[in-house]
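Below you'll find the structure, written out as structure tokens, and then a few comments.
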Amino acid sequence: MALKLQQNGYTMKDNQLKKSSTVLNKRPLGEVKSSSHSSFKKPKIGDGSLPITGKQVSVKAEKEADDYDHVPISERLKKPISSGNKSLATKQKATKVVSSSFKKSSKNKKQVKKSMYSKSSKMLPSSGEGQKWTTLVHNGVIFPPPYKPHGVKMLYKGKPVDLTPEQEEVATMYAVMLDTDYMNKATFKENFMNDWRKILGKNHVIQKLEDCNFTPIYEWHQREKEKKKQMSSEEKKALREEKLKQEEKYMWVSLDGVKEKVGNFRVEPPGLFRGRGEHPKMGKLKKRIRPSDITINIGKNAPIPECPIAGESWKEIRHDNTVTWLAFWNDPINPKEFKYVFLAASSSLKGQSDKEKYEKARLLKDYIQGIRTAYTKDFTNKDITRRQIAVATYLIDKLALRAGNEKDDDEADTVGCCTLKVENVEPVPPNILKFDFLGKDSIRYQNEVEVELPVFRAIQQFRTGKQGGDDLFDKLDTSKLNAHLKELMPGLTAKVFRTYNASITLDDMLNRETKGGDLAEKVVVYQHANKEVAIICNHQRTVSKSHSAQMSRLNEKIDELKGMLDEFKTDLARAKKGKPPLKGADGKPKKNLNPEALERKIAQTTAKIEKMERDKETKEDLKTVALGTSKINYLDPRITVAWCKRHEVPIEKIFNKSLLAKFTWAMDVEPSYRF
DNA sequence: CAAGAGACTTGGAAGAATATTG
DNA sequence: CAATATTCTTCCAAGTCTCTTG
18 MALKLQQNGY TMKDNQLKKS STVLNKRPLG EVKSSSHSSF KKPKIGDGSL PITGKQVSVK
78 AEKEADDYDH VPISERLKKP ISSGNKSLAT KQKATKVVSS SFKKSSKNKK QVKKSMYSKS
138 SKMLPSSGEG QKWTTLVHNG VIFPPPYKPH GVKMLYKGKP VDLTPEQEEV ATMYAVMLDT
198 DYMNKATFKE NFMNDWRKIL GKNHVIQKLE DCNFTPIYEW HQREKEKKKQ MSSEEKKALR
258 EEKLKQEEKY MWVSLDGVKE KVGNFRVEPP GLFRGRGEHP KMGKLKKRIR PSDITINIGK
318 NAPIPECPIA GESWKEIRHD NTVTWLAFWN DPINPKEFKY VFLAASSSLK GQSDKEKYEK
378 ARLLKDYIQG IRTAYTKDFT NKDITRRQIA VATYLIDKLA LRAGNEKDDD EADTVGCCTL
438 KVENVEPVPP NILKFDFLGK DSIRYQNEVE VELPVFRAIQ QFRTGKQGGD DLFDKLDTSK
498 LNAHLKELMP GLTAKVFRTY NASITLDDML NRETKGGDLA EKVVVYQHAN KEVAIICNHQ
558 RTVSKSHSAQ MSRLNEKIDE LKGMLDEFKT DLARAKKGKP PLKGADGKPK KNLNPEALER
618 KIAQTTAKIE KMERDKETKE DLKTVALGTS KINYLDPRIT VAWCKRHEVP IEKIFNKSLL
678 AKFTWAMDVE PSYRF
């Protein structure tokens, strides 16, 4: 089994989370990197651009393997495993496991020769508490290119204005957003103008936004976009490769000697802050980040990345192996907060904690009965805090609400469970609760649920004597709630319920609803379960601009097919009597078909209509539901993998390339796995 | 224990790439 | 094969939760 997990050069022991209290220690490094596994670590490091010192890792760089990364999986499968290139062979193997449709897992278990690159000797199994890595080598971050002035003049009171490049840059940020909804937001415009004015200077010609006309710049930008689109695919490709070449060295790190992908190695470019919902800071200028804003975290013996901007230097270098970030800078919009550079989701570090997340959720399975019994009992506890904790936990469990931390006044006004306001929950006798609030990302949550009478009464009572804007749970916050949850189960927090409920729902539905049928039908079963979870978690998306047009086009097509069907039917009736078919709608005579042929046509058309009706229905059904978020964050991939194995569904039907990479750790699960 | 710093996961939208269709 | 629809990827905002400090 272990051999199959090499993509990231690591394996994980099953059941790292046992029911003991030690379980929740962050990363049992010793276990993860036990020497028996580490000898199979993908030895690929360096690639020549990562300057790895002998001290860091005693492995030679292997260049060739990299190009291989860009070969599609299907292509890779065709190539024979080259025994001459170890890293290539290893990689291939890992890929094969991922992409094969579980024909026979033992086939993939061919022994890999013990690698000379084994690092078991330096994998100190006793790595300390909270330690995330031993060696870390990377090249820092890449900066967006400096601003290139275009010289297109905007108008002020109808007259062209000269702007310095700095002023023009900010004007262009605004002009480019002329066709967005932000133009209808007074806050956005005001914040923008305040920040732009600082750059224009006090006595600039431009004083009022209302007198500005950005359309020349907007139109210039549209033309540029069009130009880019019209570029021949050959030079598009050349451009892409050029970019890739530049970024190549920033894309990878060597973590404990293993080559891993970086997530966001590009420093965020300057722009206007696009806050969601009614964010008080929307439109503010997000200033350019310079090297002197950036703190780098890197292994002690690794060379300090060269600062990519000549004459400038990093703010600080740290060697903190208790964290996973490679770099951070302060968010220019909210300087109290940080922007981190982390490894990609496909990295072992992320995979490791992802697995731990699901193991914790599975642990909740064993406690959930007791927890539910306990909070049900507490619905009527005479201690109001206990009562509020009970009801809040109930809502988090039953409705998959988020915890609801306190928010500052300079953020959008959204709520979660603990921050629900009286006006967000309306009790409708006898026992219905009507929820209506803005949650994360200002996504609206609207739901009417029937609840147990004690819950209903408790909510009524929490509301009495309060204003609409007052906290429903006035005795509660997330830290109190989580502190309580931790007493019920080690490591339990509010968000675990979301993971648990999402995954258990998937597992349950897949196992109840898979009834055989063909591949397509099974995929539909999966999508149906996926949709159910997305609804529970309130994962929404805005309906696409062209949705209604698409729907009416579908309707037209269906009508057209129905017309054809009618024609076939009359023709059939006539053919049975030996008469020729009527002329078609276009007036042209039709081929004289025999009744059997017409019967077939009718059957075909009927099937086509039915399929289109179904497609139409699912399309309408899913127009506001986002399936991706739950797939990425809430559904234990092992449920999916095991189900695919049991029902001979190729995993690629469910997971795309990135998900396959993200979930390598889940690929060798037993077909019998249940959440 | 309240507030704040810090680090990490989760989220929808926009843009890019790819597949489908007319 | 161009236009359109779908899917994937990137972007970065917005959450959760822990730990430290006073």
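In this note's numbering, each number is its position in the first sequence, counted from 1, plus 17. Ideal Cβ positions, reconstructed from N, Cα and C, are used throughout, including at glycine. Since the model is a prediction, treat every value here as computed from it, not as a measurement.
Return the CA-CA distance between residue i and residue j, expressed in angstroms with no decimal places.
i, j, result
"Gly300", "Asn201", "12 Å"
"Glu616", "Ser563", "37 Å"
"Ile552", "Val642", "7 Å"
"Lys382", "Asp653", "13 Å"
"Asn499", "Asn220", "54 Å"
"Thr402", "Val445", "24 Å"
"Glu207", "Gly288", "15 Å"
"Lys278", "Lys149", "16 Å"
"Glu669", "Tyr384", "34 Å"
"Lys246", "Ile234", "18 Å"
"Ala319", "Tyr543", "46 Å"
"Ile671", "Arg655", "12 Å"
"Val158", "Thr151", "21 Å"
"Asp7", "Lys242", "Outside the modelled stretch of the chain, which goes from 18 to 692, sits residue 7, for which no answer is possible."
"Lys707", "Ala620", "As displayed, the chain neither begins before 18 nor continues past 692, which places residue 707 out of reach and without an answer."
"Phe376", "Asn547", "Per the sequence presented here, residue 376 reads as Glu, with Phe not at that position. Looking at the two C-alpha atoms, the distance is approximately 20 Å."
"Lys43", "Phe355", "Unreliable placement is indicated for Lys43, whose pLDDT of 32 sits below 50; the coordinate value is still reported in the next sentence. One C-alpha to the other measures close to 22 Å."
"Ala537", "Asp427", "48 Å"
"Pro177", "Glu236", "15 Å"
"Leu493", "Ile334", "40 Å"
"Ser689", "Val658", "10 Å"
"Gly508", "Cys434", "19 Å"
"Lys579", "Leu455", "44 Å"
"Ser561", "Ser569", "14 Å"
"Arg11", "Met684", "Nothing in the structure corresponds to residue 11, since the chain is present only between 18 and 692."
"Lys532", "Met526", "11 Å"
"Ala566", "Glu251", "33 Å"
"Ala475", "Ile449", "13 Å"
"Asp348", "Ala391", "43 Å"
"Thr197", "Asn609", "57 Å"
"Glu469", "Ser647", "28 Å"
If I measure Cβ to Cβ from residue i and keep anything under 8 Å in the same chain, skipping five residues before and after, which residues do I get?
i, result
"Asp179", "Lys170"
"Thr339", "Gly147, Gln148, Lys149"
"Asp395", "Arg403, Arg404, Ile406, Ala407"
"Tyr173", "Val222, Ile223, Asp228, Cys229, Asn230"
"Glu530", "Val542, His545, Ala546"
"Leu639", "Lys548"
Near residue i, what residues of its chain come up, given a Cβ to Cβ distance below 6 Å and the 5 sequence neighbours on each side ignored?
i, result
"Gly294", "Ala429, Ser459"
"Thr397", "Pro471"
"Lys679", "Ala362, Ser363"
"Tyr357", "Trp342, Phe345"
"Pro663", "It should be noted that the sequence gives Arg, not Pro, for residue 663. Contacts found: Pro688."
Rounded C-beta distance between residue i and residue j? I'm assuming under 8 Å.
i, j, result
"Lys633", "Leu676", "With a Cβ gap of about 28 Å, Lys633 and Leu676 do not count as contacting."
"Val284", "Ile306", "5 Å"
"Thr513", "Val472", "Correcting the residue type first, residue 513 is Val in the shown sequence and not Thr. Between Val472 and Val513 the Cβ distance is about 21 Å, and since that is not below 8 Å, they are no contact."
"Glu682", "Lys372", "Strictly speaking, residue 682 in this sequence is Trp, with Glu absent from that position. Yes, they are in contact, since the Cβ atoms of Trp682 and Lys372 sit about 5 Å apart, within 8 Å."
"Asn156", "Pro322", "5 Å"
"Trp269", "Lys260", "Wrong, their Cβ atoms sit about 16 Å apart, outside the cutoff."
"Val666", "Lys539", "5 Å"
CB-CB under 7 Å to residue i, same chain, minus the five flanking residues each way: which ones, in chain order?
i, result
"Pro308", "Cys324, Ile326, Glu329, Ser330, Trp331"
"Arg379", "Phe692"
"Lys298", "Asn208, Phe290, Gly292, Ile350, Asp427"
"Thr510", "Asn499, Leu502"
"Tyr651", "Arg515, Thr516, Ala519, Ser520, Val550, Cys554"
"Gln463", "Phe452, Asp453"
"Asp583", "none"
* **Three-pair Cβ contact test at 8 Å for the region 433-452 versus the region 485-492** => yes
* Runs of alpha helix (DSSP H) lying entirely within the region 390-436, each at least 4 residues, in chain order -> 401-416
* Asked: Is the number of C-beta pairs between the region 180-198 and the region 214-232 that are closer than 8 Å three or more?
  -> yes
* Taking the runs of the alpha helix (DSSP H) that are 4 residues or longer, which of them lie wholly in the region 281-307? -> none
* Segments assigned alpha helix (DSSP H), at least 4 residues, entirely inside the region 458-506 -> 470-480, 495-505
* Going along the chain, which unbroken runs of the alpha helix (DSSP H) with 4 or more residues stay wholly within the region 529-613? -> 536-553, 564-593
* Can you list the beta strand (DSSP E) stretches of 3 or more residues lying completely in the region 244-282, in chain order? -> 269-272, 275-278
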